[in-house]
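Residue numbers (this note's numbering): 1 to 276.
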Amino acid sequence: MKDYREYTDHEIKTFQRIVYDYYQSSGRDLPWRKTHNPYEILVSEIMLQQTQVSRVIEKYGEFIKTFPDITSLAEATLIDVLAMWQGLGYNRRALSLKKLAEIVNNTYGGYIPPHVSLLMQLPGIGNATANAICAFAFNHPVIFIETNVRTVFIYHFFNTKDTVKDSEISPLVERTLDYDNPRQWYNALMDYGVALKKYCSNPGRKSAHHTVQSSFEGSARQVRGAILKALVIKNRQSFNELIDVVCYDPDVVKKNIQALEKEGLIANKGRYIFIP
DNA sequence: ATCCGGTGGG
DNA sequence: CCCACCGGAT
């Protein structure tokens with residue numbers, strides 16, 4: 001396998017051409033690409049964590065309409081945010097997003113900080129999302145690796161290897177980056193990565209960071225989702241009411257209520273359980 | 001039944 | 001490092 005320094009400028013240019021040609025002919029026109037508003041980009045990136053584009057598209061417009069800026073989200077109730085989140089999964093992201101809005105409102109005057117290190121200090125934002133925001137909202141030339149980017153680089157540069165670490169991909173991402181327009185380049189990489197997965201079985205599986213989830217059926221995720229969904233429909237419920245609606249083993253429901261309470265997604269006062 | 005995917009707590 | 005967290009599509 002070649003070191004990134006061994007590729008000629010011509011080879012790098014050819015790679016960029018392939019990616020941009022694909023983007024020009026078949027790039028996706030996504031709602032969050034119509035804006036450069038950092039808040040709107042941030043919301044899309046949180047939604048896109050572990051969640052497919054098709055599902056995010058359905059929810060995104062309505063969410064932005066309901067919470068058009070940081071302040072409106074900071075001032076919203078958690079239950080209104082969770083109601084809007086139904087169908088996206090991983091409800092703790094909604095809680096993080098609301099907390100993030102409060103922090104940005106109170107400590108950054110409502111402005112999303114345009115730096116990876118500051119973004120990563122906010123709840124629900126890790127390395128990938130911080131870099132995505134810098135690239136897509138601020139057009140910064142960050143070195144950014146997520147699943148679609150991995151797919152592209154593994155397919156083109158590591159075809160004969162069976163496991164690839166991000167530390168091996170990173171220098172190539174840096175070498176091939178379009179420094180004149182990082183935003184456009186990363187959009188193109190993502191779309192091309194998605195296309196590659198469709199016609200060869202996901203090259204990203206060869207990533208050292210690829211993981212497989214335990215099954216959803218019968219999992220705590222399923223129970224948590226059901227509890228939150230029931231409370232979004234009717235917010236104050238007794239434990240017994242909740243058992244009836246949720247339809248799982250009471251001990252399992254109780255355990256999950258306690259876990260949700262610990263995370264701050266629900267509260268338990270007197271004999272009632274509710275979203276705070 | 002299997003696939004897809006970032007963050008953060010332990 | 002390892003594992004838990006959602007849900008819809010296929």
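By construction, the Cβ of each residue, glycine as well, lies at the ideal position given by its N, Cα and C atoms.
Excluding sequence positions up to five away, which residues of its chain have a Cβ less than 8 Å from the Cβ of residue i?
i      : result
LYS206 : ILE154, PHE158, LYS161, ASP162, THR163 and VAL164
TYR22  : ALA188, ASP191, TYR192 and ALA195
LYS59  : MET47, MET84, TRP85, GLY87 and LEU88
LYS254 : PHE239
PHE216 : GLN222
VAL246 : VAL223, ALA226, ILE227, ALA230 and VAL253
Just list the residues that DSSP pairs residue i with in beta bridges.
i      : result
ALA267 : PHE274
GLN222 : Per DSSP, none; premise fails for GLN222.
GLN237 : ILE273
SER44  : Answer is none; SER44 lacks a bridge partner.
SER207 : VAL164
Leaving out five residues before and five after residue i in sequence, what residues of the same chain have Cβ atoms less than 6 Å from its Cβ?
i      : result
PRO203 : THR151, ILE154 and TYR155
PRO38  : ILE112 and ALA137
ASP178 : TRP185
THR27  : The sequence as given places Gly at residue 27; Thr does not occur at that position. Closer than 6 Å at the Cβ level, and outside the excluded window around GLY27, lie ASP191.
PRO250 : ILE243
PRO114 : PHE138
If we call anything under 8 Å between Cβ atoms a contact, is residue i one with residue j?
i      : j      : result
ILE133 : GLU62  : no
TYR7   : ALA188 : no
SER238 : TYR199 : no
ASN181 : ILE79  : no
ASN131 : VAL116 : yes
ALA128 : ILE41  : no
ASN105 : THR71  : yes
TYR4   : PRO141 : no
VAL173 : VAL149 : yes
PRO31  : ILE12  : no
ASP166 : HIS210 : no
THR176 : GLN24  : no
By Cβ distance, which residues of its chain are closer than 7 Å to residue i, with the 5 residues on each side in sequence left out?
i      : result
ASN256 : ALA220, VAL223, ARG224 and ILE227
PHE274 : LEU231, ASN235, ARG236, ILE266 and ALA267
GLN278 : No answer is possible for residue 278: it lies beyond the span of the chain, which begins at 1 and ends at 276.
ALA135 : VAL142, PHE144, PRO182, ARG183 and TYR186
ARG92  : GLU263 and LEU265
GLN82  : Looking at the sequence itself, residue 82 is Leu, so the reference to Gln does not match. Within the same chain, LEU82 has close Cβ partners ASN91, ALA94, LEU228, VAL232 and ILE275.
ASP277 : Because residue 277 is not part of the residues shown, which for the chain are 1 to 276, the question remains open.
TODO: Scan the segment 88-137 and note each continuous alpha helix (DSSP H) run of 4 residues or more that stays entirely inside, going in chain order.
DONE: 92-107, 116-119 and 127-136
Open item on the list: Contact between the segment 91-103 and the segment 121-134 is defined here as three or more beta-carbon pairs at a separation below 8 Å; is this criterion met?
Closed with: yes
- [ ] State whether the segment 255-269 contacts the segment 62-75, with contact taken as three or more CB pairs (one from each stretch) at a distance under 8 Å.
- [x] no
Open item on the list: Quick check for students: name the residue ranges of the alpha helix (DSSP H) that lie wholly in the segment 152-187, counting only runs of 4 or more.
Closed with: 166-176
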